[in-house]
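Here the protein sequences come in this chain order: A and B. For what it's worth, numbering that gives the first Met the number 0 labels the leading residue of the first sequence as 0, then goes sequentially. For what it's worth, numbering that gives the first Met the number 0 labels the leading residue of the second sequence as 0, then goes sequentially. Quick reminder that beta carbons are idealized off the backbone N, C-alpha and C, glycines included. All values reported here derive from a predicted model rather than from experimental measurement. To start, the structure under review is shown below, and the notes come after it.
Number of protein chains: 2
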Amino acid sequence: MKRLEACIAGIKPLDETAFEAARERLRNQARPAGSLGVLEEVGARLAAIFGTLDVHLRKRIVVACAGDHGICEEGVSLFPPEVTAQMVYNFVQGGASINVLARHAKARVAAADLGVDAAFDPELPIFHKKVRRGTRNFSRGPALTREEAVRSIEAGIEIVEELAAEGPFHLLGTGDMGIGNTSPSTAIIAAFSGLSAADVTGRGTGLDDGALAHKIEVIERGLALNRPDPADPIDVLAKVGGLEIGGIAGLVIGAAGYGIPVICDGLISTAGALIACELAPAARPYLFAGHHSVEIGHRFMLEHLRLRPLLDLRFRLGEGTGAALAMELMDAATRILAEIKTFEEVAIADAQR
Amino acid sequence: MKRLEACIAGIKPLDETAFEAARERLRNQARPAGSLGVLEEVGARLAAIFGTLDVHLRKRIVVACAGDHGICEEGVSLFPPEVTAQMVYNFVQGGASINVLARHAKARVAAADLGVDAAFDPELPIFHKKVRRGTRNFSRGPALTREEAVRSIEAGIEIVEELAAEGPFHLLGTGDMGIGNTSPSTAIIAAFSGLSAADVTGRGTGLDDGALAHKIEVIERGLALNRPDPADPIDVLAKVGGLEIGGIAGLVIGAAGYGIPVICDGLISTAGALIACELAPAARPYLFAGHHSVEIGHRFMLEHLRLRPLLDLRFRLGEGTGAALAMELMDAATRILAEIKTFEEVAIADAQR
């Protein structure tokens, strides 16, 4: 818990002077005021994070956190739990969706085992942060102990520390892999929002009507049994959460602690970001939303976090794919701020013509 | 007219075999079916355009077509007409918004004078395709003669021909610059949709309520006076259109003729694309929508063209900025199709582990 508390205490507020200077430069560029919409806000916020109007998001990393879920015993997913471990190997081999989209975004992919129900070779080039082999079935009791929940968040912070120790980096994307993990994510949303599971449960990777009704019933049961306390984010994570979700919360807090902007992805990654911001409100200004999930619970979280996703391409995959794709737009926002000439700069060029 | 007719006659249908093979590969990739949403459709369509599942959008060009508008006499824009020519110089100097976003997208920017009310030095490195120095005021009579309208479309086709003569290219973005050009674009939408100007007129680069009401009244007057015939797209372009809009229509038809995917941008560019597709329905499969404009008329056009924009970042700029930014997503779609492993490929890798 000390590592978590120290990291939260170390999060610095953004540089308001750089923020105002960025907004003034954007206003004075030779184009109608506000005409580059959302990317102006992104550019100004990045300027405030880095304390400069010439931000370069050179080194980019996507961390895909993996974990298994006891709730799969209830038949809430179309895929068998073994797929979680298989996908970790696929991440390492470079053939998964996140590898392809991260390559496109010039980002490195790091996979992390927070709680996969498989024994990985210690030589496998991933972050080995297993807290336990999968969560417990939260429809029959708490998913994690409080200590395990804290440990998963601290593991995420450690990953940021270890990455930073290799050299500075400028943009972190968060991703997830965990068969069954829309169920804990949805339970987290219900716990914080007070909405019913029926209001916020989606079809995950493709459930039909009957399977959706079953998933809602399982989540409702878990919430009624565990009564997670929304005023205590670690209690929510422990009662109905997941280890990769805790890891993602740690990534967000860790990135904010290191002054690095961090992008959340879809439903699961945003559930982690929500826990992070409930624990550490100072982390929120470092957080950007990459992609709008088709999962209905996502909307609640984004409103709660006051985030507008950069993309809405009907992805429903996770892994960090939406975060990776959004990295290009974040980079474009830095170029807009730094490179589009102001009316004054154009006039100088005109005078020289 | 012969060049236009020949180009339209030469547009080939897409390769259905490649399209089906692409869809099958996407379905078999190691991820939930359909989970990469819109980019799967984009990837399959690009495969069908190029006749291969391994598309590389290496050489990318954004053509920004410029023209002036007689309708500016009616006070429909916040900016003076001189800005059109100034922005053409800014495009050449590389400091405009489109230069910055095209650099980011690894695309070349080519500016084209279709009808700017200024005499450019013939040495200025732009496409010199001036049909006349600005359109006539369409609230007092036709904006263009029928011959001028055809000439502007053929000029767009010539630009594609001249670019292709320099070497193959793989992706074309369309952009516009023309003070006052939301008015002709809106009139074009009203003409094709049968909707009133009040229904489809937006605030352009930032009109207040009074100025908006005036703009609607001016457009209504132009439509009532000219009675453009929606069954005759060249009549619509001539009566209420613009020269850069005709140029963009020519770019779309020309790109389709050369088998090159083409991205439309915001309101003005999409008005050009609408005229292109009304003239040449075979061009539509080559067309992609880059960005959702905040201008209300844009929605009608996209529905009519059955296009879903890749981005919605509240841009209201034009110049091709939304098209340029979408190029990265189109490129990501090609990598998704080619590089994400199928379940079979993953199993082979597993067996070798």
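Determine the DSSP secondary structure at residue i, reduced to helix, strand or coil.
{"i": "residue 112 of chain A", "result": "strand"}
{"i": "residue 279 of chain A", "result": "coil"}
{"i": "residue 291 of chain B", "result": "coil"}
{"i": "residue 139 of chain B", "result": "coil"}
{"i": "residue 132 of chain A", "result": "coil"}
{"i": "residue 222 of chain B", "result": "helix"}
{"i": "residue 269 of chain A", "result": "helix"}
{"i": "residue 307 of chain A", "result": "coil"}
{"i": "residue 107 of chain B", "result": "strand"}
{"i": "residue 206 of chain B", "result": "coil"}
{"i": "residue 296 of chain A", "result": "helix"}
{"i": "residue 13 of chain B", "result": "coil"}
{"i": "residue 321 of chain B", "result": "helix"}
{"i": "residue 122 of chain A", "result": "coil"}
{"i": "residue 117 of chain B", "result": "coil"}
List the endpoints of the continuous alpha helix (DSSP H) containing residue i.
{"i": "residue 251 of chain B", "result": "242-256"}
{"i": "residue 235 of chain A", "result": "232-239"}
{"i": "residue 7 of chain A", "result": "1-8"}
{"i": "residue 418 of chain A", "result": "The question about residue 418 of chain A has no answer, for chain A in this structure spans 0 to 352."}
So the beta strand (DSSP E) residue i belongs to, where does it begin and stop?
{"i": "residue 262 of chain A", "result": "261-263"}
Compute the beta-carbon to beta-carbon distance between residue i and residue j, rounded to the nearest angstrom, for a pair I have assumed lies under 8 Å.
{"i": "residue 6 of chain B", "j": "residue 256 of chain B", "result": "4 Å"}
{"i": "residue 221 of chain B", "j": "residue 292 of chain B", "result": "About 21 Å separates the two Cβ atoms, so there is no contact after all."}
{"i": "residue 321 of chain B", "j": "residue 289 of chain B", "result": "4 Å"}
{"i": "residue 65 of chain B", "j": "residue 115 of chain B", "result": "5 Å"}
{"i": "residue 18 of chain A", "j": "residue 46 of chain A", "result": "6 Å"}
{"i": "residue 35 of chain B", "j": "residue 262 of chain B", "result": "That belief does not hold up - the Cβ atoms of residue 35 of chain B and residue 262 of chain B are roughly 19 Å apart, past 8 Å."}
{"i": "residue 324 of chain B", "j": "residue 104 of chain B", "result": "7 Å"}
{"i": "residue 37 of chain B", "j": "residue 44 of chain A", "result": "With 8 Å as the limit, residue 37 of chain B and residue 44 of chain A do not qualify as a contact, their Cβ atoms being about 26 Å apart."}
{"i": "residue 71 of chain A", "j": "residue 187 of chain A", "result": "About 17 Å; that fails the 8 Å criterion."}
{"i": "residue 154 of chain B", "j": "residue 113 of chain B", "result": "6 Å"}
{"i": "residue 214 of chain A", "j": "residue 141 of chain A", "result": "So it is not a contact: roughly 19 Å between Cβ atoms."}
Which residues does DSSP list as the beta-bridge partners of residue i?
{"i": "residue 334 of chain A", "result": "Per DSSP, none; premise fails for residue 334 of chain A."}
{"i": "residue 353 of chain B", "result": "Only positions 0 to 352 of chain B appear in this structure, which leaves residue 353 of chain B out of reach."}
{"i": "residue 353 of chain B", "result": "Limits of chain B in this structure are 0 at one end and 352 at the other, which puts residue 353 of chain B out of reach."}
{"i": "residue 127 of chain B", "result": "B/112"}
{"i": "residue 286 of chain B", "result": "B/261"}
Listing by chain order, which chain C residues have their CB less than 8 Å from the CB of residue i?
{"i": "residue 330 of chain B", "result": "Among the protein chains of the structure shown, namely A and B, there is no chain C."}
Quick one: which unbroken alpha helix (DSSP H) runs of 4-plus residues sit fully inside the stretch 144-183 of chain A? Chain order, please. 145-164
Entirely within the stretch 18-105 of chain B and at least 4 residues each: give me those alpha helix (DSSP H) ranges in chain order. 36-49, 81-92 and 96-103
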